[in-house]
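What follows is a set of notes on a single structure, which appears directly below.
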Amino acid sequence: MRRTNKIVLLGVMVSIALMLHIFESFIPLSGIMPPGAKLGLANIVTLIVIMFFGFKEAVVVVILRTFLGSLFGGGFVVFFYSLAGGLLSTVVMSIMYKRFDKYFSLAGISIAGGVFHNIGQLLVFSIVANTAGIFAYLPALLITGVMAGYFIGLVASFLERYIKSHMKWLMK
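Here the sequence shown stands for residues 60 to 231, numbered as in the numbering used here.
Now the structure itself:
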């Protein structure tokens with residue numbers, strides 16, 4: 060793939076991830092999920108970028124989406140929580156996809172991403188607040204991370220099949 064095409068496609072991926080991030084902020088989840096928990100719809104894009112572009116590109120997309128998302132809502136502090144979770148989950152999902160894809164489906168890889176996203180955010184919060192007590196919240200976040208990760212993985216799996224069968228030019 061030519062460099063220009065790659066840059067344009069990654070820009071589109073950042074835009075889609077940002078739109079999903081903003082769209083998700085309008086979904087009422089109170090009473091369904093623990094406070095602060097999200098579905099992580101933008102991680103669909105992260106998985107797609109890992110599959111079709113690679114780790115470095117996924118990191119760039121996560122950083123840009125997190126930065127722009129914090130500008131549109133959330134602020135400076137939320138940026139660091141989101142960035143820590145996003146980068147940790149991207150590292151874990153990339154390793155699993157590259158090294159262990161024979162053993163894990165995309166849903167399994169995405170579940171790990173959801174779990175490690177929550178762990179990354181809690182680590183940053185525990186450092187900022189200087190307390191490990193926040194980890195009492197981990198079991199609730201792990202449950203939501205597994206459920207949301209499974210859903211995100213199913214969607215990414217569907218999109219992977221669609222892209223491979225209908226968008227062969229993307230594979231070049």
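We put the CB at the ideal spot given by N, CA and C, even for glycine.
When you compare only the Cα positions, how much space is there between residue i and residue j?
{"i": "residue 135", "j": "residue 126", "result": "9 Å"}
{"i": "residue 173", "j": "residue 63", "result": "32 Å"}
{"i": "residue 158", "j": "residue 131", "result": "36 Å"}
{"i": "residue 147", "j": "residue 122", "result": "12 Å"}
{"i": "residue 90", "j": "residue 180", "result": "21 Å"}
{"i": "residue 139", "j": "residue 176", "result": "12 Å"}
{"i": "residue 195", "j": "residue 88", "result": "21 Å"}
{"i": "residue 160", "j": "residue 171", "result": "13 Å"}
{"i": "residue 107", "j": "residue 214", "result": "10 Å"}
Measuring alpha carbon to alpha carbon, tell me which residue in the options is nearest residue i.
{"i": "residue 102", "options": "188, 90, 75", "result": "75"}
{"i": "residue 105", "options": "71, 182, 158", "result": "71"}
{"i": "residue 100", "options": "145, 224, 67", "result": "145"}
{"i": "residue 119", "options": "68, 201, 168, 162", "result": "68"}
I'd like to know whether the C-beta atoms of residue i and residue j end up nearer to each other than 8 Å.
{"i": "residue 93", "j": "residue 190", "result": "no"}
{"i": "residue 166", "j": "residue 209", "result": "yes"}
{"i": "residue 184", "j": "residue 178", "result": "no"}
In its own chain, which residues sit with a C-beta less than 7 Å from the C-beta of residue i, not counting the 5 before and 5 after it?
{"i": "residue 153", "result": "109, 114, 117"}
{"i": "residue 243", "result": "Past the boundaries of the shown model lies residue 243; the chain is included only from 60 to 231, so the question cannot be answered."}
{"i": "residue 137", "result": "129"}
By Cβ distance below 6 Å, which residues in the same chain neighbour residue i in space, the five residues on each side in sequence not counted?
{"i": "residue 216", "result": "165"}
Closer than 8 Å by C-beta to residue i: which residues in its own chain qualify, once you throw out the five before and the five after it? Chain order, please.
{"i": "residue 97", "result": "83, 88, 207"}
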